[in-house]
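Residue 58 in full-length UniProt numbering is what sits at position 58 of the sequence shown, and the numbering runs on without skipping anything.
Cβ coordinates follow ideal geometry from the N, Cα and C atoms, glycine included.
Predicted, not measured: the structure shown is a model, and the values here were computed from it.
This report concerns only the one structure given below.
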Amino acid sequence: ECEVSREDAEGVWHFENKELTPSSKHAISSRRGRHSLSVKDVKKEDQGKYTFTTGEFKTSASLKMKRECCNDEDLYLDERQKNMIADSPAPAKTPTKRFDNLFFVDEPQSVNVTEKGTATFIAKVGGDPIPNVKWMKGKWRQITHGGRITIEQKGPDAKLEITEITKSDSGQYRCVATNKAGEIECSTDLNVDERKDTGGVDGDFRAKLKKYVTPSKQKSPKKEGEIDLVEILRGVDPKDYEKVVREYGITDYRCLLQAIEQLKREKEAESGKPVR
């Protein structure tokens, strides 16, 4: 039997890595955060490791049979493993140290975020007195509040927030809690995905150009060897203008707007109707 702090948490029982389901052999129940497994008609082959898993965390207990009992089917659970409290379990790969007056109630979870996004790690600690929390990156570097980084602690609740994420922010982060009972820590990961440039037309192309320059009504004479933008853009679908000017390396937005206006006037002259 084990108990978790969240009453609505769901979990799964395993025996030697095989999932168990309710049957005539196994009775499984869950009520208000208390999860129990009963093994009926116990035999020698039922001895072994039973594991309860909820989310990313797990806790285990071993089932053994007393040889000195007159009934070979009597069993016991190690007292140290009875009534295991899973309100602050650690990932099986890295067990977290725990004291009676210093422990994690909720450990920070790993975060996946795209470049320029925001990553938030939240931890909840317990103990007497309430521990002080600090955040580390890697093994040695302590993270400090300021700039893109916000560090807060209100009572048992601690938060680390990083904005405008870059690839260099990726890696392992550690949450370290300290009080007079000692020091404990747990680790988590920040994975940063590259931000992809779609390269497509975002909104009206002419409107984007106007953010950079207000076109002049006076057309400048074309110099010898100068690129003829009107000829380049003639016959090109307007939605592809941006792609074309990028290919030619054109950065003179004033001339570009003039070329678009010229094409617009030509179309109006051909159709006799205003072109928007």
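With contact defined as three or more Cβ pairs closer than 8 Å, the stretch 111-120 and the stretch 134-143 are not in contact. Fully enclosed beta strand (DSSP E) runs of no fewer than 3 residues occupy 149-154 and 157-162 of the stretch 149-176, in order along the chain. Contact holds between the stretch 4-16 and the stretch 26-37, because three or more Cβ pairs, one in each stretch, are under 8 Å apart. The residue among G48, T166, R141 and D8 with its C-alpha nearest the C-alpha of R195 is T166. The Cβ atoms of D46 and L63 sit closer than 8 Å to each other.
Excluding the 5 residues flanking it on each side, S187 has same chain C-beta neighbours closer than 6 Å at Q172 and R174, in chain order. Put simply, the backbone Cα of E115 is about 36 Å away from that of G127. Contact between K180 and D157 does not hold, since the beta-carbon distance rounds to 20 Å and is not under 8 Å. Straight-line spacing of the CA atoms in K159 and D240 works out to 46 Å.
The closest CA to that of T178, considering only G147, G155, E152 and P131, is found on P131.
In this structure, the beta-carbon distance from A259 to L229 falls below 8 Å. At a Cβ-Cβ threshold of 8 Å, F99 and G182 count as neighbours.
According to the DSSP secondary-structure assignment, S29 is paired through a beta bridge with S36. The criterion of a C-beta distance shorter than 8 Å is satisfied by K40 and K25.
Listed in chain order, the non-local C-beta contacts of S60 below 8 Å within the same chain comprise K49, Y50, T51, F52 and Q81, local neighbours out to five positions each way being set aside. Relative to D8, the option among R31, E231 and L263 whose CA is nearest is R31.
Of the residues E247, T163, G249 and K154, the one whose Cα lies closest to the Cα of R148 is T163.
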